[in-house]
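Heads up: the sequence lines are chains B and D, in that order.
Just so we're aligned: 492 in our numbering is position 121 of the first sequence, and the numbers increase by one with no gaps anywhere.
Just so we're aligned: 264 in our numbering is position 131 of the second sequence, and the numbers increase by one with no gaps anywhere.
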Amino acid sequence: MNINLTLIGQSIAFIIFVWFCMKFIWPLIISALDERKTRIADGLAAAEEGQKEKARAQEHVAQAMSEAKEQAQEIIRRAERREVEMIEEAKNSARVEGERILVAAKSEIEKEANIAREALRGQVAALAVAGAAKILSREVDQSAHARMLDDLTAEL
Amino acid sequence: MSSEALTTTGYIKHHLQNLTFGQHPDGSWGLAHGAAEAREMGFWAIHLDTMFWSVFLGALFLWVFRKAAVKATAETPSGFLNFVEWVIEFVDENVRSTFSHKNDLVAPLALTLFVWVLLMNTMDLVPVDWIPQIAHLLGIEYMKVVPTTDPNATFGMSLGVFVLTLFYSIKVKGIGGFAAELTMQPFQANSPILKILFIPVNFFLEFVSLISKPVSLSLRLFGNLFAGEMIFILIALLFSGGVVFALVGGVVQWAWAVFHILIVLLQAFIFMVLTIVYLEMAHSHH
Chain B
372 MNINLTLIGQ
382 SIAFIIFVWF
392 CMKFIWPLII
402 SALDERKTRI
412 ADGLAAAEEG
422 QKEKARAQEH
432 VAQAMSEAKE
442 QAQEIIRRAE
452 RREVEMIEEA
462 KNSARVEGER
472 ILVAAKSEIE
482 KEANIAREAL
492 RGQVAALAVA
502 GAAKILSREV
512 DQSAHARMLD
522 DLTAEL
Chain D
134 MSSEALTTTG
144 YIKHHLQNLT
154 FGQHPDGSWG
164 LAHGAAEARE
174 MGFWAIHLDT
184 MFWSVFLGAL
194 FLWVFRKAAV
204 KATAETPSGF
214 LNFVEWVIEF
224 VDENVRSTFS
234 HKNDLVAPLA
244 LTLFVWVLLM
254 NTMDLVPVDW
264 IPQIAHLLGI
274 EYMKVVPTTD
284 PNATFGMSLG
294 VFVLTLFYSI
304 KVKGIGGFAA
314 ELTMQPFQAN
324 SPILKILFIP
334 VNFFLEFVSL
344 ISKPVSLSLR
354 LFGNLFAGEM
364 IFILIALLFS
374 GGVVFALVGG
384 VVQWAWAVFH
394 ILIVLLQAFI
404 FMVLTIVYLE
414 MAHSHH
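In C-alpha cells:
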C-alpha cells in the first residue's frame, strides 16, 4: 500500500473518463430525455383538450336531443289539436249542409204546395163556373157575371 | 497461491499486495516480488492491477452508456436503455437538488464517479480468491481486484475533484475572492489591524478544512472498502479449517456479501454526493 505513480495514472484515467462522459454520453441521453418529456407533456395536453372536446360534444348532443324531443312533442300536440279541429269542422259542415238541404227541401215542398194550390184553385173555380153554367145556362148572361166570377176566384 | 500463502499472515499479506511494476534498487525495471521490494521502488512505480481493473471497469461503463446514448431517442425506451436512463435521471436529480449553478461538467462528473466507483466497489463481491487464483495460473504473482481498496485510486479521483474545486473557486470568485475566502473568515473584524492579525489564524483554519475535503473523500471510500475486503479475506481463512469451519465460512461470507452490497452502493453514492457538494461550495460565495 504505497502511494506511487498509480495516483497520477488514476487521475489521468479519471479525467479522460469524465471528459468522454461529458462529451459523448451525457448530452445525448439528456436531450433524448428532455425531448421525451416535452412530448409527454404535449400528449397530456392534447388528451386533456380531447376530453374537453368530448364533453362539449356530449353537451351539444344532449341539447340537440332535448330540442328534438320538444319539437316532436309540439308536432304531436299540434296534430292532436288539428284532429279535434277537423272533427269539429266536419261536424259543423255536416250540420250546415243538413240544414241547407232541409231548408231547400222545405221551400221546394212549399213551392210544390203553392203550385198545387194554384192549380187546384183554378180548377175549382172553373168547376164552379162550369157547374153554375150548367145550372144557369139560360138565364145567366155569361159576360154579365164574368166580373163577379173573377172576384170569386180571387177570393178563393 | 504463492509459497507465502501457506501461513495465515502470509495469506493476508499476499492478498493485500498490489502487482507493482517499477525500478528495482539495482536499476533494473520489473515486477516487485513481495511488499519489501515494492516499497523500495518508491514513488515511481505503478500498480498494474489497480490500473488494469479501474480502467477496464471505467471503459466498461463508458462502453455500455455510450451504446445507450447512441440509441437514446424520444421513443419508448427498451429494457436496457430504460435502466441507463434511470441511472442518469437518478444522478441528474441529485445534481439538481444540490447544485444550483450553471455548469455542464458537474452532472457528467457525478455520473462518471458514481458508476465507476460503484463498479470498482462491486469487484469486492467477487469471492476473494477467484481472480487471484486465475491470475496465479496465468503466472501473475499478485492480483488485487478491487481498485478502491488501493488508496492510490481513491486519492487519484479525489485529487481530480480537488483540482476542479480549486479551478472553479478561482474561476467564479477570482483569485482575490478565493484568497479572501481563505483569510477573512471565520474570524472577522472591522479594524484593519485586527484583520491583519486574524489572517494567519483564519488561513490556518480554512486551509485545514480545504485540505481535509479531498483527504476525507478518498479515505472514507478507501477505508470502507479496505475494511470490507479485509473481512472477506479473514472469512476466506475459515475455508482452510476443515468442513465445519468451511460451512460456517460459506454462510458468513454470504451474509457479509449481502451486507456489503449496501456499503458498495452507499460509498459510491456518498462519493458522488460529496463531489457535487464540494463543487457547489466552490461556486457559491460565502
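The C-beta atom is built at its ideal place from N, Cα and C for all residues, glycine as well.
All of these numbers come straight from a predicted model, not from anything done at the bench.
Taking the beta carbon of W177 of chain D as reference, the chain B residues within 8 Å of it are N375 and L376, listed in sequence order.
Taking 9 Å as the Cβ-Cβ cut-off, the region 414–442 of chain B has no residue approaching chain D. Distance from the CA atom of L358 of chain D to the CA atom of T287 of chain D, rounded to whole angstroms, is 10 Å.
Burial state of M290 of chain D is buried, judged by a 10 Å Cβ sphere holding 16 or more other Cβ atoms. Residue burial annotation: W196 of chain D is exposed, with fewer than 16 other C-beta atoms found within 10 angstroms of its C-beta. Put simply, the region 178–191 of chain D does not touch the region 215–229 of chain D. Fewer than three CB pairs are less than 8 Å apart. Between the C-alpha atoms of F378 of chain D and L367 of chain D there is a straight-line separation of about 12 Å.
The Cβ-Cβ distance between P347 of chain D and I374 of chain B does not fall below 9 Å. Per DSSP, reduced to three states, the secondary structure at H234 of chain D is coil, with no helix or strand assignment. With a cutoff of 9 Å on beta-carbon distance, L352 of chain D and N335 of chain D are scored as not near each other.
W389 of chain D: member of the alpha helix (DSSP H) spanning V376 to H416, first to last residue. The CB of A412 of chain B never comes closer than 9 Å to any CB in chain D; the least such distance is about 12 Å.
Interface with chain B (9 Å Cβ-Cβ cutoff): I364 of chain D is excluded. Less than 9 Å separates the beta-carbon of N254 of chain D from that of L398 of chain D. Between K277 of chain D and D159 of chain D, the CB-CB gap reaches or exceeds 9 Å.
In the three-state scheme derived from DSSP, where H, G and I count as helix and E and B as strand, I179 of chain D is classed as strand. In this structure, the beta-carbon distance from P260 of chain D to Q386 of chain D falls below 9 Å. Of B:E481, B:A484, B:T377 and B:I383, the smallest CA-CA separation from W177 of chain D is found for B:T377.
Taking 7 Å as the cut-off between beta carbons, the residues of the region 286–304 of chain D near chain B are A286, F288, G289, M290, L292 and G293, in sequence order. For chain B, the residues of the region 219–236 of chain D that bring a beta carbon within less than 8 Å of one of its beta carbons are I221, E222 and D225, in chain order. Counting only residues of its own chain and dropping the five nearest sequence neighbours on each side, T282 of chain D has a CB closer than 6 Å to the CB of L358, F359 and E362. With respect to chain D, the C-beta atom of E445 of chain B has no partner C-beta closer than 9 Å. The contact set of R407 of chain B on chain D, defined by CB atoms closer than 7 Å, consists of A207 in chain order. About 6 Å separates the CB atoms of T231 of chain D and V410 of chain D; that is less than 8 Å, so the two are in contact. Chain order gives the chain B residues near L244 of chain D as C392 and W397, where near means a beta carbon separation below 7 Å.
Going by DSSP, T153 of chain D is part of the beta strand (DSSP E) stretching over T153 to Q156. Around the beta-carbon of G293 of chain D, 16 or more other beta-carbon atoms lie within 10 Å, marking it buried. Per DSSP, the unbroken beta strand (DSSP E) holding L164 of chain D starts and ends at W162 to L164. Within the region 137–164 of chain D, L149, N151, T153 and G155 place their CB atoms closer than 8 Å to a CB of chain B, listed in sequence order. Its Cα nearest to that of I383 of chain B, the residue D:S187 stands out among D:S187, D:G272, D:V239 and D:V406.
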